[in-house]
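My numbering puts the first residue of the sequence shown at 564, with every later residue one more than the last. Glycine residues also receive a C-beta, built at the ideal position from the N, C-alpha and C atoms. Keep in mind it's a predicted model, so treat the numbers as computed, not measured. Step one of this worksheet: look at the structure below.
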Amino acid sequence: DSAEGFDIALVRRTDVLYKPGYQTYYSVDQAQMNETWQMKVVGDTDNTFYQLSVIAPDSPPILGSVAVDASNLAATQVSFQLTSDNRPTRLSIYANPGAISASIPLTVNGTVDTAQVPIFEGSLVAEYELTDLAELGGALVTKVVDLSVLPSGTYHLWVRADDGVNQPVSTYAEIPSVMAAGVQSVYGTNPVWLAKDDFNPMASVGAANAIVIDHSNDFPTEWNATISTEFDAETRSLYIEWKANSHPDTDLYRLLFGNTSMNPTQVITVGNSIQEIGANGLATDVEVGFVTLRDIQPGVTYYLMVEGVDTETGNTVRSQEFTLFVEPGTFSLTSAQSTVNVAAGGSATVPVTLNADEALFFPNVWLSSDLGEAAAGITARFADDVDGLVGINPGNNTRQFEINVDASVPQGTYPIEITGYAGEAKETLTI
């Protein structure tokens, strides 16, 4: 059709070309680790584009065949099979001296029941960063650890694998013979497989091997301890620090001291040792004990030793004896008028001077007077004596001593004794 003066044409245009895309999901329940998986596509693979991706998360590590042979405590063998998708995977070995399982109450729909759960606690024995594909791929691996450093007791070893992504996996080590007789799988015997539908957590306890450690017969009788001391003159205190005794059963320390060699008369119970803190603020491998002894007196010899104790058996061992002596400094009292004549009814003033050739431990020497041999009617006191405490020191080394004689005092020679005290040291001046 056309209008007058115009040509009309119909044009068909395709704006967008749509091509269908298809996504198909397949799930494999309880997929085996450490195996090679393949996918086969059947169809027109020449003209159709296929893309394959694995979208499931990594499986948690699987620990199997965990066993311990402690026939030689110093070279205890811990074996295991570990399968882990991630590296490094940290493998830790712990020693638990307590219970390995517990019964806990559960309430389900108002009904109270109980369930057994494993307990994983204790001291870290060894730790490894596993990066070798063989060690992460299910091969049987054996690590050697030293259990002889543990205190006496009954222990169960447990192993933990942590890949840093999934929940850590833990299981107790069994007796090698029991483990060898168990049912083998691709992951070893009695594997701890958290992702498995029917996994029973109590399987991680299994036939846990109880390891008995007894050091009661090898407690030391001598101890050459590493001891350091630091005296603080301002607080009159002595800080004492020592490296812990190497015997693992030593769990308490005492400081023994007295004023006669090998005859302690006083005891301070210190407690156990702690890990020393390094310059970086973190704990080191060195364990130390320490105590502060206060009220140290100068001029007195202190004989000290440290005693290590095994509180379970009562066994004890003493360190070598060490001594402390703090110089008090020497002094004397003199007077320019050691003899003074005073008429009855009169008075006199006598200077008392402190002489010290070296620094004194105590800053002041305290003065007192004794008129026990003077006649009645003779009185004496230090000038400026307000409260009865008169001190003298190298910076102010002279004090005035005032003597008053009553008119009734008969003629005669009367000694007056002035004594200076500096801690346990004392010196006397007779006027």
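- Message: Among Tyr816, Pro973 and Gly983, whose alpha-carbon lies nearest the alpha-carbon of arginine 962?
- Response: Gly983
- Item | Same chain, Cβ closer than 8 Å to proline 891, five either side skipped, listed in chain order | When the five nearest sequence neighbours on each side are left out, the beta carbons in the same chain lying within less than 8 Å of the beta carbon of proline 891 are those of Pro861, Gly862, Leu923, Phe924, Phe925, Ala985, Gly986, Glu987 and Ala988, in order along the chain.
- Message: DSSP has lysine 759 in a bridge; who is on the other side?
- Response: Its beta-bridge partners do not exist; DSSP assigns none.
- Using a Cβ cut-off of 9 Å (strictly closer), state whether threonine 897 contacts chain D. Looking for chain D here will not work: only one protein chain is present.
- Might you give, ordered along the chain, the residues of its own chain that have their beta carbon closer than 8 Å to the beta carbon of leucine 687, omitting 5 neighbours on each side? If we look at leucine 687 and ignore the five residues flanking it on each side, its Cβ neighbours are Ser655, Ile656 and Tyr657.
- Close Cβ partners of serine 664 (< 8 Å) along its chain, the five nearest in sequence each way excluded: Gln679, Val680, Pro681, Ile682, Met765 and Val768, listed in sequence order.
- Item | Span separating the alpha-carbon of valine 605 from that of glycine 584 | 17 Å
- Message: For leucine 815 and tyrosine 866, what's the separation of their Cα atoms in angstroms?
- Response: 21 Å
- Query: How many whole angstroms separate the CB atoms of proline 624 and threonine 652, which I take to be in contact at a CB cut-off of 8 Å?
  - Reply: Between threonine 652 and proline 624 the Cβ distance is about 6 Å, and since that is below 8 Å, they are a contact.
- So, is methionine 868 buried or exposed, given that buried needs 16 or more other C-beta atoms within 10 angstroms? With 16 or more Cβ atoms within 10 Å of its Cβ, methionine 868 is classed as buried.
- Task: Have a look at asparagine 918 and glutamine 974 and give me their C-alpha separation to the nearest angstrom.
- Result: 33 Å
- Message: If distances are taken between C-alpha atoms only, which option among Lys759, Gly727, Asp648 and Leu626 comes closest to valine 704?
- Response: Leu626
- Query: From what residue to what residue does the alpha helix (DSSP H) around leucine 699 run?
  - Reply: 696-699
- Item | Proximity of valine 913 and alanine 939 at Cβ, strictly below 9 Å | No; because the gap between Cβ atoms is not below 9 Å, this pair is not in contact.
- Item | DSSP-derived helix/strand/coil call for proline 739 | helix
- Between the C-alpha atoms of aspartate 920 and aspartate 781, what's the straight-line distance to the nearest angstrom? 55 Å
- Just the Cα atoms here: how many angstroms apart are leucine 645 and proline 783? 41 Å
- Query: Does the beta-carbon distance from proline 668 to threonine 717 come in below 9 Å?
  - Reply: no
- Okay, do the region 697-715 and the region 636-644 touch, 3+ Cβ pairs below 8 Å being the bar? yes
- Message: Among Gly821, Asn729, Gly954 and Arg944, whose alpha-carbon lies nearest the alpha-carbon of valine 928?
- Response: When the alpha-carbon of valine 928 is set against those of Gly821, Asn729, Gly954 and Arg944, the nearest one is in Gly954.
- Message: Checking 9 Å against the spacing of the C-beta atoms, do aspartate 858 and serine 800 come in under that value?
- Response: yes
- Message: Rounded to the nearest angstrom, what separates threonine 966 and alanine 937 at their Cα positions?
- Response: One point to set straight first is that residue 966 is isoleucine, not threonine, in the sequence displayed. One alpha carbon belongs to isoleucine 966, the other to alanine 937, and they sit about 11 Å apart.
- Which class does proline 681 belong to by DSSP, given the choice of helix, strand or coil? strand
- Alpha carbon to alpha carbon, what distance is there between alanine 946 and leucine 818? 47 Å
- Query: Going by DSSP, what residues sit across from tyrosine 691 in a beta bridge?
  - Reply: Leu654
- Which residue comes first and which comes last in the beta strand (DSSP E) that contains tryptophan 721? 716-725
- arginine 881: first and last residue of the uninterrupted beta strand (DSSP E) it sits in: Counting along the chain, the beta strand (DSSP E) containing arginine 881 begins and ends at 879-881.
- Rounded Cβ spacing between leucine 699 and leucine 636 (contact assumed at less than 8 Å): Contact between leucine 699 and leucine 636 does not hold, since the beta-carbon distance rounds to 29 Å and is not under 8 Å.
- Message: With a threshold of 6 Å on Cβ separation, who are the neighbours of alanine 662 within its own chain once the five nearest residues in sequence on each side are excluded?
- Response: Ile682
- Item | Own chain residues within Cβ distance below 8 Å of isoleucine 840, not counting five before or after | Ala846 and Thr847
- Message: Rounded to whole angstroms, what is the Cα-Cα separation between alanine 724 and valine 755?
- Response: 11 Å
- Message: Quick check: aspartate 726 and aspartate 621, are their CB atoms within less than 9 Å of each other?
- Response: yes
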